[in-house]
Every structure is written in C-alpha cells, then in structure tokens.
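Residue numbers (the numbering used here): 337 to 730. Think of the CB as a built atom: it goes at the ideal place given N, C-alpha and C, for glycine as much as any other residue. Okay, structure first, notes after.
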Ligand code: SF4
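Now the structure itself:
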C-alpha cells in the first residue's frame with residue numbers, strides 16, 4: 337500500500353515554476369497527483385511576483401502556501417530578509433555566501449516538510465543543463481518533469497552504478513517492450529561505467545532507446561530503497577516522456593489565464609541616439625546580487641523606489657555588486673557606459689547570428705513588437721538564467 341507521501345511544488349515567481357504548476361495541473365487530476373503549492377516569501381520580492389501568485393491560485397483553484405522562517409514570525413522585523421540580514425551583522429549575501437537562499441528558501445521549506453516523505457517537482461527545463469540548488473534531505477526527492485531525465489543526479493548515480501548492473505538487467509528484462517531490440521538493450525545495460533564510458537553517456541543511451549522503459553526500471557529500483565517515489569504504488573510521471581523547452585513554457589503561460597510577469601517584458605532605453613531594450617531576467621528579491629548591471633539600471637529607471645531601498649542595505653564596504661556601490665552605478669556617466677556596453681553586446685550577438693529573427697530584431701529595438709508569443713526577445717535570458725538557484729529563479 338502507498339505510504340503517505342506529499343507532493344509539493346515551489347512557486348518562485350518565475351515563469352518556469354509557474355508553467356510547471358500549470359502543466360501538471362492540466363495533465364493530472366488532484367486525485368492522481370495531489371500537489372501542494374508553496375512559495376517561500378523573502379518579503380523583498382517584486383510586486384509582479386505577488387500578482388503571479390494570486391493569478392496562479394485562481395487558475396489552480398488552490399491556495400499557494402506561504403512558508404517563512406518561524407523565528408522571524410515572532411519578531412517585529414518587517415520581513416524575513418531583514419531579520420536574517422541583521423542576524424548576519426549587515427553582511428550582504430553574495431554568490432559565495434548565499435545565506436539568503438539557505439535561510440529564506442530552503443530552510444522554511446524543509447521545516448514545513450519535517451520528516452514527512454515528499455516529492456518535490458522542480459521546473460528545470462529540457463533545454464537547460466543544470467540541477468539547480470535543491471534540497472538534499474533524504475526524505476525529499478526532486479523530480480524534473482520537463483526534462484527527458486526526470487530523476488535527480490543521486491538517483492541516477494545509484495541506479496546506474498556498476499554495482500547495480502544485475503538489478504538493472506533484471507528490471508529491464510521485465511519491462512522491455514517488443515519494439516526494443518532485446519540484445520541491444522541488454523548490451524547497454526551490462527556495459528560498465530568507465531573512464532571511456534561515462535554515467536551520462538549510459539544514461540543518454542538508455543533514454544534514447546525508450547524513456548518510459550527507463551523510467552519504469554528506475555521506479556522498480558526505487559521500490560527497493562527509502563526514496564519517497566519508491567513508496568508509491570503508482571507514479572504517473574513514469575509514463576510521461578514529454579520534454580518541455582522554453583517556448584513550451586511561454587505557450588503554457590499564454591494558454592492560461594496567468595500573465596507572464598511584467599518584468600520580463602523588454603523596455604526601451606536610448607543611448608547615443610540609438611535604441612536598445614532591457615528587462616529583468618529573473619524572479620526573486622529585487623536586489624538580488626545575481627542580476628546583471630543592465631538589470632540594476634533597469635531597476636533604477638523602472639522601479640526607482642526599490643533601487644533606493646536596495647541602496648540602503650549597502651554600508652560599511654558591503655555592496656551588492658563586487659567592487660561597485662549602487663551610488664557609483666547610478667552616476668549618469670556610469671549608466672550610459674553600462675547601456676553602451678549592453679547595446680554593443682546585443683549588436684555583436686545579432687551580427688554573429690546566421691539567421692536573424694523577429695525576436696532578435698526586437699531585443700535590439702529594431703522592430704516594435706511586444707508580442708510575447710514571439711519565439712522571443714528572451715534568448716538573452718539564457719545567458720542569465722544559468723546562474724542562481726532553483727529555489728529563487730525557476
Ligand atoms: S533572489 Fe537572490 S537575494 Fe533573494 S534569496 Fe534568492 S539568491 Fe538571495
């Protein structure tokens with residue numbers, strides 16, 4: 337009998353987690369996949385994030401629970417970020433000191449889950465090559481429904497280890513379909529991982545033969561472990577071999593009643609008589625240190641009050657950007673040089689492209705077209721979205 341296992345999905349405020357919620361909600365009824373949605377609110381998110389959460393609640397017809405640090409709740413601090421910022425002595429988080437994600441995103445989530453078994457659905461797309469920053473607690477298993485390989489690295493390492501070949505072969509024999517060449521499959525299954533044959537190669541070879549068969553085999557193996565998915569009698573994602581890439585994400589959002597957060601929409605700027613476009617590439621805190629300099633300029637010009645608030649956190653030599661304070665960045669000459677550099681980069685990219693499409697015209701401001709269904713001005717986003725964590729930006 338299925339043990340009590342929670343299904344949870346974190347909404348970061350970004351497009352990918354929103355699309356994942358829409359996708360799973362559309363595909364599986366609540367009886368089949370009773371997902372609980374949550375968001376870990378830092379209290380310093382953009383207003384667009386709260387709009388998205390409200391719209392999603394209507395669309396999913398379900399509340400999105402708000403998880404926050406319990407100690408913070410018993411204080412008079414205005415928001416969880418400030419509570420921790422003070423506890424860290426005014427030390428700002430940075431890429432190599434990410435106390436914010438740990439305390440504001442992962443810890444409240446893990447505290448809510450406690451010792452329960454939970455499956456956490458993560459919206460890393462099929463066209464991304466990253467695992468993200470996710471919980472590593474053994475009672476919480478991450479599943480990536482948009483990818484060809486829905487399983488996490490730890491599961492793959494164990495299931496495909498040379499020590500597990502015998503089991504793998506046994507499960508493959510049970511699940512192999514008539515369309516698959518038995519010998520070819522068994523050759524691959526029995527092939528050892530070595531310096532000349534990596535675990536990723538083996539994974540891709542097996543997925544290329546048949547994703548569903550691979551998933552069924554992994555599911556069988558999970559039943560012999562303590563992993564939460566292994567405690568289920570039935571796991572519908574095993575039968576799903578969809579791969580969703582960025583355009584699918586936009587389509588899912590456009591087909592719903594949920595709007596793409598406004599910050600993704602390109603806004604025009606002018607520099608040296610030329611026009612460029614800038615936008616914010618990610619959800620999360622408005623002062624996130626992961627943002628690019630042109631995004632800081634975007635914040636300063638599009639949300640001046642938030643920029644001023646971000647400035648207030650900078651003191652005693654601590655700044656959001658290494659080696660440059662926001663006061664320095666806001667100098668008009670500096671702003672011009674950031675825009676100049678951004679436009680130059682965009683043009684270089686455009687010139688190097690073999691095929692020029694409307695979204696590329698769009699990001700350079702060559703054409704006036706704010707149609708978000710366009711394959712998209714957001715290719716620039718690809719550069720930015722590799723950084724950061726699954727908890728904040730997906
Ligand atoms: S959005 Fe940025 S600043 Fe906020 S918690 Fe995430 S990593 Fe930290």
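(message) Can you list, in chain order, the residues of its chain with a C-beta nearer than 6 Å to that of residue 488? Leave out the 5 residues immediately preceding and following it.
(response) 478
(message) Let me confirm a value: residue 684 is counted as buried when at least 16 other C-beta atoms fall within 10 Å, else exposed. Which label applies?
(response) exposed
(message) In whole angstroms, give me the CA-to-CA distance for residue 459 and residue 606.
(response) 35 Å
(request) Per DSSP, which residues does residue 365 bridge with? Please list them. (result) Paired residue(s): none; residue 365 is not in a bridge.
(request) Note down the Cα distance separating residue 530 from residue 594, rounded to an integer number of angstroms. (result) 47 Å
(request) List the whole-angstrom C-beta distance separating residue 567 from residue 453, where the pair is believed to meet the contact cut-off of C-beta under 8 Å. (result) 6 Å
(request) Determine, using beta-carbon pairs with one atom in the segment 361 to 368 and one in the segment 550 to 563, whether at least three such pairs fall under 8 Å. (result) no
(message) Is residue 426 close to ligand 1? I mean its beta-carbon at under 7 Å from any heavy atom of the ligand.
(response) no
(message) So, under 8 Å CB-CB, residue 629 and residue 674 are touching, yes? Tell me the CB distance rounded to an integer number of Å.
(response) 5 Å
(message) DSSP three-state label for residue 343, please.
(response) strand
(message) If you reduce the DSSP assignment to three classes, tell me which class residue 372 lands in.
(response) strand
(request) At 3 residues or longer, and completely inside the segment 421 to 488: list those beta strand (DSSP E) runs for me, N to C. (result) 453 to 457, 476 to 479
(request) Could you please give the first and the last residue of the uninterrupted alpha helix (DSSP H) stretch that includes residue 301? (result) Residue 301 lies beyond the stretch modelled for the chain, which goes from 337 to 730, so this question has no answer here.
(message) On the criterion of 16 or more Cβ atoms from any shown chain inside 10 Å, does residue 447 qualify as buried, or is it exposed?
(response) exposed
(message) Please report the straight-line C-alpha distance between residue 711 and residue 463, rounded to a whole angstrom.
(response) Residue placement at residue 711 is flagged as unreliable, the pLDDT there being 35, under the threshold of 50; the coordinate-derived value follows with that caveat. Answer to the nearest angstrom: the Cα atoms are 14 Å apart.
(request) Going by DSSP, name the residue or residues bridged to residue 401. (result) 374
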